[in-house]
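Under the UniProt record's numbering, the first residue of the sequence shown carries the number 1, and numbering increases by one thereafter.
Don't be surprised by glycine CBs; every beta carbon is placed ideally from N, CA and C.
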Amino acid sequence: MFLGTHTPRLDDKGRVILPAKFRDGLAEGVVITKGQERCLYVFPEAEFARIAESLQQAPMSSKTARAYSRVFFASAHDEVPDKQGRVTIPPRLRDYAGLDRDLVVIGASTRVEIWNAPTWDEYLEASEEAFADIEEGDLPEGL
Numbered sequence: 001m002f003l004g005t006h007t008p009r010l011d012d013k014g015r016v017i018l019p020a021k022f023r024d025g026l027a028e029g030v031v032i033t034k035g036q037e038r039c040l041y042v043f044p045e046a047e048f049a050r051i052a053e054s055l056q057q058a059p060m061s062s063k064t065a066r067a068y069s070r071v072f073f074a075s076a077h078d079e080v081p082d083k084q085g086r087v088t089i090p091p092r093l094r095d096y097a098g099l100d101r102d103l104v105v106i107g108a109s110t111r112v113e114i115w116n117a118p119t120w121d122e123y124l125e126a127s128e129e130a131f132a133d134i135e136e137g138d139l140p141e142g143l
């Protein structure tokens, strides 16, 4: 499980050093793709395969599933982190997420998310009040 908030920097070659505590879970390979709210999702290969299988089960007649799958898979980039735990973020994904030098990398349970630092700060500020107002029944059973 990926947890926590980290603030690495993007280097001049478009690489980011993954947080040390995430490296074991990502060492076998990652898939980086467009996330929602203009972040990037970083999945361990096994988790990406699980999601891909789930999306493949959706009926071809589902317009929503087709649209989501197209963006999700077309933007995906797979890579094995180097010995320093670095991955290269392709220019099209950096552009999508507005990534520049200062990043925020968060653990989001089964995935890692990479955010432009100011975008993350804005998202967090806008979301914290809604988080505080979540009521019983708004979340899956047991939470």
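Looking at the DSSP output, Y41 bridges to T33, E113. P19 sits buried, since 16 or more C-beta atoms from the chains shown fall within 10 Å of its C-beta. Secondary structure in the stretch 61-126: the alpha helix (DSSP H) runs of 4 residues or longer, each lying completely within the stretch, are 63-74, 91-97 in chain order. In the three-state scheme derived from DSSP, where H, G and I count as helix and E and B as strand, I17 is classed as strand. Taking a 10 Å sphere around the C-beta of L40, we find 16 or more other C-beta atoms and assign the residue as buried.
Around the beta-carbon of V87, 16 or more other beta-carbon atoms lie within 10 Å, marking it buried. Collapsing the DSSP output to three states places L55 in a helix.
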